[in-house]
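This report refers to the structure that appears directly beneath it.
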Amino acid sequence: DQQVKQNSPSLSVQEGRISILNCDYTNSMFDYFLWYKKYPAEGPTFLISISSIKDKNEDGRFTVFLNKSAKHLSLHIVPSQPGDSAVYFCAASEGVSGNTPLVFGKGTRLSVIA
Amino acid sequence: GAVVSQHPSRVICKSGTSVKIECRSLDFQATTMFWYRQFPKQSLMLMATSNEGSKATYEQGVEKDKFLINHASLTLSTLTVTSAHPEDSSFYICSARLQGLNTEAFFGQGTRLTVV
């Protein structure tokens, strides 16, 4: 049973437009959420995170929104650039300790078309 | 930011042999490290949690006798795939999180294991 779900396996966006990647979770104990970017044959790279006490976090072109009641979060990238093309993983963590693992979704492959 | 280094990045081995993968936290101490496995077009699946100085905690369905984990120091965890078979071919990634509140996880570069 997947606790973190990314229902869109792929997304194509024109350069300069907004990319919106969605993620749903089922475990109400999750209280910290992260987005990672991954290229083939490499480890994931951290992008942005949000704790459950917030509903928005912004870092440059990346903004993460959290809707706790809907158990839904999204990553907005604007403007999208060709270099953003990669697989994006949503991850969640239960508890604030550094000793708890992240639970990942299946990822969404973003293609930004020039 | 913090760096996690994983070695080797790619290994090909014969069926029946064992392969050791190393994961090092280069600029921080990690009492806990995590080992993930990724199949093509699939998510990163947690295999086990490696605890410094004690036994690893394995996820359900992961054979602890096949995937030996040793976390002998605060900066090094190793995963040994014993008696490897072709179905063990996969992408293995280690991770460590900084201690403290709501910290991100840092990942190694991953190891592509191919068993022939």
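Quick mapping for you: the protein sequence lines, in order, are chains A and B. FYI, in this note's numbering the residues of the first sequence are 1 to 114. FYI, in this note's numbering the residues of the second sequence are 1001 to 1116. Glycine residues also receive a C-beta, built at the ideal position from the N, C-alpha and C atoms. From a predicted model like this one, the values you see are computed outputs, not experimental measurements.
Using a Cβ cut-off of 8 Å (strictly closer), state whether residue i contacts chain B.
| i | result |
| --- | --- |
| Phe89/A | yes |
| Phe104/A | yes |
| Gly107/A | yes |
| Pro82/A | no |
| Ser10/A | no |
| Ser49/A | yes |
| Asn99/A | yes |
Does any CB atom of chain A fall closer than 8 Å to the CB of residue i?
| i | result |
| --- | --- |
| Ala1105/B | yes |
| Thr1031/B | yes |
| Thr1080/B | no |
| Thr1017/B | no |
| Thr1075/B | no |
Might you give, ordered along the chain, the residues of its own chain that have their beta carbon closer than 6 Å to the beta carbon of residue i, omitting 5 neighbours on each side?
| i | result |
| --- | --- |
| Arg1112/B | Arg1010, Phe1091 |
| His72/A | Asp24 |
| Asn1070/B | Thr1078 |
| Thr1103/B | Arg1097 |
| Asn27/A | Gln3 |
| Arg1030/B | Strictly speaking, residue 1030/B in this sequence is Ala, with Arg absent from that position. Taken in chain order, the residues that qualify are Ala1096. |
Nearest by alpha-carbon distance to residue i: which of the options is it?
| i | options | result |
| --- | --- | --- |
| Ser1043/B | Ile113/A, Glu94/A, Pro9/A | Pro9/A |
| Gly1016/B | Gly1110/B, Thr1080/B, Ser1095/B | Thr1080/B |
| Cys1023/B | Gln1038/B, His1007/B, Tyr1036/B | His1007/B |
| Glu1087/B | Ser1025/B, Gln1029/B, Gln1038/B, Ala1030/B | Gln1038/B |
| His76/A | Ser69/A, Tyr88/A, Ala70/A | Tyr88/A |
| Phe1028/B | Leu1098/B, Gly1108/B, Gly1061/B, Gln1109/B | Leu1098/B |
| Ile53/A | Phe30/A, Pro40/A, Asp59/A | Phe30/A |
| Thr1032/B | Glu1052/B, Glu1059/B, Met1045/B | Glu1052/B |
| Trp35/A | Ala41/A, Glu42/A, Ile48/A | Ile48/A |
| Val78/A | Asp59/A, Gly95/A, Val103/A | Asp59/A |
| Ile50/A | Ser74/A, Ser80/A, Ala114/A | Ser74/A |
| Leu66/A | Ile113/A, Tyr32/A, Ala114/A | Tyr32/A |
In whole angstroms, what is the alpha-carbon distance linking residue i and residue j?
| i | j | result |
| --- | --- | --- |
| Val1004/B | Thr1075/B | 9 Å |
| Lys56/A | Gln2/A | 24 Å |
| Tyr25/A | Pro44/A | 20 Å |
| Pro1040/B | Ser1089/B | 11 Å |
| Ala1072/B | Lys1055/B | 10 Å |
| Phe62/A | Gly16/A | 13 Å |
| Asn22/A | Gln14/A | 18 Å |
| Thr68/A | Thr1082/B | First, the amino acid is wrong: residue 68/A is Lys here, not Thr. In a straight line, the C-alpha of Lys68/A is about 43 Å away from that of Thr1082/B. |
| Ala86/A | Thr1049/B | 27 Å |
| Asp84/A | Ser111/A | 8 Å |
| Ser12/A | Ser19/A | 8 Å |
| Gln1060/B | Gly105/A | 18 Å |
| Ile1021/B | Val64/A | 34 Å |
| Leu1185/B | Lys38/A | Residue 1185/B lies beyond the residue range present for chain B, which begins at 1001 and ends at 1116; the question has no answer from this structure. |
| Ser80/A | Gly107/A | 18 Å |
| Ala41/A | Ile1093/B | 10 Å |
For residue i, which residues of its own chain have a beta-carbon under 8 Å away from its beta-carbon, when the five flanking residues on both sides are left out?
| i | result |
| --- | --- |
| Cys1013/B | Val1019, Ala1084, Leu1113, Thr1114, Val1115, Val1116 |
| Phe1067/B | Trp1035, Met1047, Ala1048, Tyr1058, Leu1079, Thr1080, Val1081, Thr1082 |
| Leu102/A | Leu34, Ala91, Ala92, Ser93 |
At a Cβ cut of 7 Å, what residues of the segment 18-46 of chain A count as close to chain B, listed as they run along the chain?
Tyr32, Leu34, Ala41, Glu42, Gly43, Pro44, Phe46
Contact residues within the segment 1035-1046 of chain B, judged by C-beta distance below 7 Å to chain A:
Gln1042, Ser1043, Leu1044, Leu1046
The segment 1082-1114 of chain B: which residues have C-beta closer than 9 Å to a C-beta of chain A, in chain order?
Phe1091, Ile1093, Cys1094, Ser1095, Ala1096, Arg1097, Leu1098, Gln1099, Gly1100, Leu1101, Asn1102, Thr1103, Glu1104, Ala1105, Phe1106, Phe1107, Gly1108, Gln1109, Gly1110, Arg1112
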